[in-house]
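Numbering (the numbering used here), first residue to last: 396 to 605.
Reading through the structure tokens given below for one structure.
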Ligand SMILES: [Zn+2]
């Protein structure tokens, strides 16, 4: 489990703990992440740290986001600034993500979420949009967040459905809320939410064991 009140890093995986992010000072630009273009085959678990940034604006570090590939699935944990760009650099698209998981609702963990959600419903060979509703998992408040995003972007959702034939189902959202326990089981991959103390007044917040 990782816990950093300073940089909002809340994320963990079995046998792998993401390093706490360091201050972005005089860093070389982030290289393209070396994730698998194909989702990891069953038995493998590939973790790619897509972004370890902070709310501070940085040209060299995007916001909190981690790609986990296991069981033929592409799972995104948090969607900070630039998450969609980093997903693409990792050989995927927002549309090829099977599920998105949120640890908490600090802006640096969710301010790339609109892009992940909206870009994910563009069909076609380039963006490879999803064919099913957007699946998102997170602590209590996730439904409210997604309801707000859908309301904010209702004009885009509706016009693309009418003008471009975007399948209605792909803009739909299935928000799964849980503050503790097993939240996801698919293809032999289990994700368990673990409550964490992210600081006073910052609840709920969870880590994820995979
Ligand atoms: Zn935070």
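Cβ atoms here follow ideal geometry from the backbone N, Cα and C, with glycine treated the same way.
Predicted model only: the values in this text are computed from it and were never measured.
Around the Cβ of residue 596, a 10 Å sphere holds fewer than 16 other Cβ atoms; the residue is exposed. Taking one beta carbon from each stretch, the region 466 to 476 and the region 502 to 510 have 3 or more pairs nearer than 8 Å; the two touch.
Going by beta carbons, residue 485 and residue 462 fall inside the 8 Å limit. A residue is called buried when at least 16 other Cβ atoms come within 10 angstroms of its Cβ; residue 552 meets this threshold and is buried.
Only buried fits residue 442, as 16 or more other CB atoms lie within 10 angstroms of its CB.
Distances between the C-beta of residue 548 and the heavy atoms of ligand 1 are all 7 Å or more. When distances are taken from the beta-carbon of residue 571 to the heavy atoms of ligand 1, even the shortest one reaches 7 Å or more. Of the residues assessed, residue 557 falls on the exposed side of the cut-off, its CB having fewer than 16 other CB atoms within 10 angstroms. Rounded to the nearest angstrom, the Cβ distance from residue 576 to residue 588 is 6 Å, consistent with a contact under 8 Å. Boundaries of the alpha helix (DSSP H) harbouring residue 482: 478 to 484, taken from the DSSP string. Residue 479 sits close to residue 489, with the two beta carbons spaced by under 8 Å. Ranked by how close their Cα comes to the Cα of residue 569, the residues 519, 491, 582 and 496 have 496 in first place. Bounds of the alpha helix (DSSP H) holding residue 512 are 508 to 514. The closest CA to that of residue 574, considering only 566, 582 and 586, is found on 586. By the neighbour-count criterion, in which a residue is buried when 16 or more other Cβ atoms sit within 10 angstroms of its Cβ, residue 446 is buried.
In the assembly as shown, residue 438 is an exposed residue. Its beta-carbon has fewer than 16 other beta-carbons within 10 Å. In the DSSP assignment, residue 537 falls within the alpha helix (DSSP H) that extends over 537 to 547.
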